[in-house]
Each structure stands twice: as structure tokens, then as C-alpha cells.
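Since the structure comes first, as C-alpha cells, the remarks are kept for the end.
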Amino acid sequence: MDVTKEHLNPLGHLHEGCLATLVDIVTTAALAASKVGMPGVTVDLTMSYPNCAELGDTIVVNGTVLHSDKRFAYTRAEICRKTDDLLIAYGQHTKALLAKRHRICHCCHSKSRCTDAECREPRCPRRLNIT
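If you're matching positions, the sequence shown starts at 1 in UniProt numbering and goes up one per residue.
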């Protein structure tokens with residue numbers, strides 16, 4: 001991501017809220033793409049900001065799943081400046097994993113069974129016969 005004027009805090013550095021949002025998004029995507037296969041819900045998000053990025057910098061975000069069990073997943077993301085690999089920020093993100101019976105249908109947002117007979121969402125609880 002290229003740091004633009006819209007991403008800056010009053011001191012001219014990449015805003016910490018923007019960095020925390022990137023950690024949230026990337027770790028959630030890493031979790032959904034892992035064997036867990038679902039994004040979960042945030043229990044804890046802890047950030048550290050050892051350095052700062054400035055206007056014009058390009059940053060790279062890498063997220064990994066450290067561990068998961070039946071109830072929780074533990075993830076981490078690092079944000080580095082692309083030019084010299086300087087660590088800008090990192091975050092630890094703990095996510096609670098929802099039981100299958102609580103998964104939400106992506107097409108109708110139902111928490112149990114989809115009532116839409118025309119549902120085409122492959123992960124829909126109605127189509128998967130999840131009770």
C-alpha cells in the first residue's frame with residue numbers, strides 16, 4: 001500500500017488507526033484462508049508501533065495464523081516499509097471461532113437456516129445442512 005495524504009496523522013506519519021485496521025483485515029483474511037476456513041470475531045487486538053511510515057512510503061503487510069483450536073485462533077501481522085524492510089508496526093490478533101451452528105449465511109445473514117430457496121451461496125447453512 002502506498003501511504004497517501006489521507007492516511008496521515010497530524011504529525012505527518014501513517015495513522016496508527018490505519019495500521020491497526022490493516023492488521024485486523026490481513027489477519028482475518030489469513031484465518032479465513034487457513035484450514036480454519038472462517039474469519040471468527042475479535043476478542044483482542046494488541047498493536048505495537050516501533051517505527052513510523054511517512055507520505056510516499058510503500059508498506060507491505062504479512063499476516064499469519066500462529067495457532068488455532070476449537071474455540072480460538074491466534075494470529076499476527078507485521079507491517080514493513082518496502083524499500084528497506086523496516087518494521088513499522090505489528091499486531092497480535094485473537095479471534096473467537098464460531099461454532100458451525102452459529103455461522104451466518106452470507107446471502108441472507110441468517111444465523112441459522114437460510115430461508116431463501118434461491119440461495120446460491122456455497123457456504124450457506126441451508127445448503128450445507130448445518131443445524
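We put the CB at the ideal spot given by N, CA and C, even for glycine.
Since the model is a prediction, treat every value here as computed from it, not as a measurement.
For residue i, three-class secondary structure by DSSP
i, result
"I130", "Any reading at I130 needs caution, since the residue's pLDDT is 45, under 50, leaving its predicted position unreliable; the model's value is listed next. Looking at I130 - three-state DSSP - the assignment turns out to be coil, as it is neither helix nor strand."
"T28", "helix"
"A20", "helix"
Sequence-distant residues of its chain with Cβ nearer than 7 Å to residue i (five each side left out)
i, result
"A46", "The sequence given here places Thr at residue 46; Ala does not occur at that position. Answer for T46: G91, Q92, listed in chain order."
"L31", "P39, G40, V65, A73, T75, K95"
Same chain, Cβ closer than 6 Å to residue i, neighbours up to 5 away in sequence not counted
i, result
"S34", "V65"
"L14", "V3, H7, A53"
"T27", "G63, T75, A77, H93"
Residue i classed as buried or exposed, judged by whether at least 16 other C-beta atoms fall within 10 angstroms
i, result
"G40", "buried"
"L11", "exposed"
"D24", "buried"
"L19", "buried"
Residues near residue i by beta carbon distance below 8 Å, same chain, minus five either side
i, result
"V43", "F72, T94, K95, A96"
Beta-carbon separation (whole angstroms), residue i vs residue j, contact threshold 8 Å
i, j, result
"G82", "V60", "Looking at the sequence provided, one finds Lys at residue 82 rather than Gly. Sure, about 5 Å apart at Cβ, within 8 Å."
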